[in-house]
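Its first residue numbered 0, the sequence shown is counted upward by one per residue in numbering that gives the first Met the number 0.
By construction, the Cβ of each residue, glycine as well, lies at the ideal position given by its N, Cα and C atoms.
Worksheet: the structure to be examined is printed underneath.
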Amino acid sequence: MITIDDNINKIVKFINDIIITPRQALLYWAGITNQTPAAKIGYIGQHMASLITGVSGTRSGARGDDLADGTEVKSCNKIDQADKCNNCGIRVMRHDSTCPNCGSNNIDRKDDSKWLFSVRDEYELNQYHNLDRILLLLMDYPGFDNNDFSDIRISAFEIYPKEERMRVFNELLDNHYWNIYRPKANEGGKTNPMNLHPWSFQFYKCNPLLVFQCLIKNIDTDPHIQINQYVKPDCERGNNIKTLPMPTSLLKKNEWEILLSTADFQNDIRPLLSQNVTEHEFLQMNFAGKKSILPFLDEKLRGIIPLRKIVSIRQKNHYRR
């Protein structure tokens, strides 16, 4: 099924032609029209998916298989979300450093875009369970927490629902369908797709494989592309590719307690520590100290921690003119 070669060169050219150049033009015209400079990532994401995996599409648009090998592609764009002024309440574009209405720099920067999985019946649920591969595309700002929007990051993750190491993905789908969607649908209530937030506890529990990541440095001033990770299409996707390490900053107190009471310190925790301490010294540290020398959990350690109970959150009313 791999029919596209010279992938890195094609990816770089595609990013230049379809992401960087149009963005610069849209930013220029947004300054004149006061309209959003956002470009929808949906179909752009499918082009990127083909270039990353080497598998062509099926010309199906939103219908049928996304890639010729049956891979399901989901895209999430955190780049051009509309922000909100906390002072006067109007919408503020991401490229605005201050509110164009009142001049305030007290801006609520939005970062809540996520991947959506629609599961409306058991047939769709089983379709997800039986997929050979899901490819998650993400565009975000690595410096978001510092209000740094100069660099854009593009990442691609693979999830294999049939593999035991990624069974949590199916558990999330099952929980959503049987415990959230189905009860609401039976009562005639409003239903929503399953949300999977990038970099969340649930995301890391799915044990995704990072197969591509690049930075577009200084995208609005002097853009250049820096490829940081690429797993070639013909590379075997097995246990030889490590899943993303989970930041321990995501753990709650009770999850730390489960980890420390269950894990083998010498064989499982100690090799991941940034300092050489004894088990007694480690256990005596407060949580901040533990996080500082055990910043990440590998696949085995996070497997000890159970999934959190997920509750349904009603979405806010849709934007009205």
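Asked, Found
"Pull up the CB-CB distance for I43 and N6, whole angstroms please, since I reckon it's below 8 Å.", "Contact flag wrong, Cβ pair sits at about 16 Å."
"Should G302 go down as buried or exposed, given a rule of 16 or more other Cβ atoms within 10 Å for buried?", "exposed"
"Keeping to the same chain, check which residues put their C-beta closer than 8 Å to that of I140; ignore five residues upstream and five downstream.", "Checking the displayed sequence, the identity of residue 140 turns out to be Tyr instead of Ile. The residues are K77, I78, D147, F148, D150, I151 and R152."
"Rounded to whole angstroms, what is the Cα-Cα separation between R181 and Y122?", "13 Å"
"Per DSSP, what kind of secondary structure is N194 in: helix, strand or coil?", "strand"
"Is it buried or exposed for W28, if we count other Cβ within 10 angstroms and need 16 for buried?", "exposed"
"Return the first residue and the last residue of the beta strand (DSSP E) that S74 is part of.", "E71 to N76"
"When you compare the CB of I14 with every CB in chain D, is at least one pair closer than 8 Å?", "Judged by its chain identifiers, the structure shown contains no chain D, having just a single protein chain."
"Considering Cα atoms alone, identify which of S112, R236, H223 and Q225 is closest to L331.", "Absent from the structure is residue 331, since the part of the chain shown begins at 0 and ends at 320."
"So, L124 versus L172, is the Cβ gap smaller than 8 Å?", "yes"
"With DSSP run on the structure shown, which of helix, strand or coil describes Q23?", "helix"
"Which one of P197, V118, Y159 and N185 has the shortest CA to CA distance from S74?", "P197"
"Answer yes or no: do V54 and T70 have a C-beta to C-beta separation smaller than 8 Å?", "yes"
"According to DSSP, H223 sits in a beta bridge with which residue or residues?", "K216"
"Distance, Cα to Cα, D16 vs Q23?", "11 Å"
"Are P160 and I133 close, meaning C-beta to C-beta below 8 Å?", "yes"
"Pull up the DSSP beta-bridge partners for E157, would you.", "L134 and L208"
"Assuming L282 is part of the alpha helix (DSSP H), what are its boundary residues?", "E278 to Q283"
"Between which two residues does the beta strand (DSSP E) containing L115 stretch?", "W114 to F116"
"Cα-Cα, which of C205, V230 and T97 is closest to D82?", "T97"
"By Cβ distance, which residues of its chain are closer than 7 Å to D107, with the 5 residues on each side in sequence left out?", "D82, K83 and N85"
"Who are the Cβ neighbours of I19 in its own chain at under 6 Å, not counting the five residues just before and after it?", "P222"
"Please go through the same chain and pick out, in chain order, the residues whose beta-carbon is closer than 6 Å to the beta-carbon of R313, but skip the five residues on each side of it.", "At R313 the pLDDT is 47, less than 50, meaning the model places this residue with poor confidence; the figure from the coordinates comes in the next sentence. Here the set comprises nothing."
"Within the same chain, show all residues whose beta-carbon is closer than 8 Å to that of Q274, passing over the 5 residues directly before and after it, in chain order.", "I292"
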